[in-house]
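The next block holds one structure in the form of structure tokens; read it before the comments.
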Amino acid sequence: MYGLNWVNSTLAAIAAEPIVEGLLTQLANTKYIKALVVTVTGDAKIAPDVLLAWLLGTCVMNFLALMTIKKGRLCLWGLIYFLLSADKKCRNPTDSTPAYGAP
Numbered sequence: 001m002y003g004l005n006w007v008n009s010t011l012a013a014i015a016a017e018p019i020v021e022g023l024l025t026q027l028a029n030t031k032y033i034k035a036l037v038v039t040v041t042g043d044a045k046i047a048p049d050v051l052l053a054w055l056l057g058t059c060v061m062n063f064l065a066l067m068t069i070k071k072g073r074l075c076l077w078g079l080i081y082f083l084l085s086a087d088k089k090c091r092n093p094t095d096s097t098p099a100y101g102a103p
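Numbering (our numbering), first residue to last: 1 to 103.
Structure (structure tokens):
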């Protein structure tokens, strides 16, 4: 494909980062991913950039499928709001003492 060369080079650059490459290699060595790769490609090994492309492609396909359903769009808006919101707290509301002198 002529127009997607930048996607391939970007995925290869991301997959070449040591942390990402280590995670993808660890993920590729799990028995479920190995079984899936052998079933799909017939080969026992998969390159980290190809695995990253598969994972991102699966996420994009699920995102697009959810966008076609009304309840799926509602779920996606909730997920996006949760991920982008800055008002998440690690404490319960009852952890702090009430300010009795506050107006």
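Virtual Cβ for every residue (Gly too), placed ideally from N, Cα, C.
- Scanning the segment 15-100 from its first residue to its last, no whole beta strand (DSSP E) run of 3-plus residues comes out.
- Separation of I69 and C59 (C-alpha to C-alpha, rounded to the nearest whole angstrom) is 16 Å.
- The Cβ atoms of A12 and D43 do not sit closer than 8 Å to each other.
- Take K31, set aside five residues on each side of it, and no residue of its chain has a beta-carbon closer than 6 Å to its own.
- Distance between N62 and A53, taken at the CA atoms: about 14 Å.
- One Cα belongs to L23, the other to L66, and the distance between them is close to 27 Å.
- Note that the C-beta distance between I14 and A28 is not below 8 Å.
- Put simply, the backbone Cα of F82 is about 31 Å away from that of A102.
- Collapsing the DSSP output to three states places L4 in coil.
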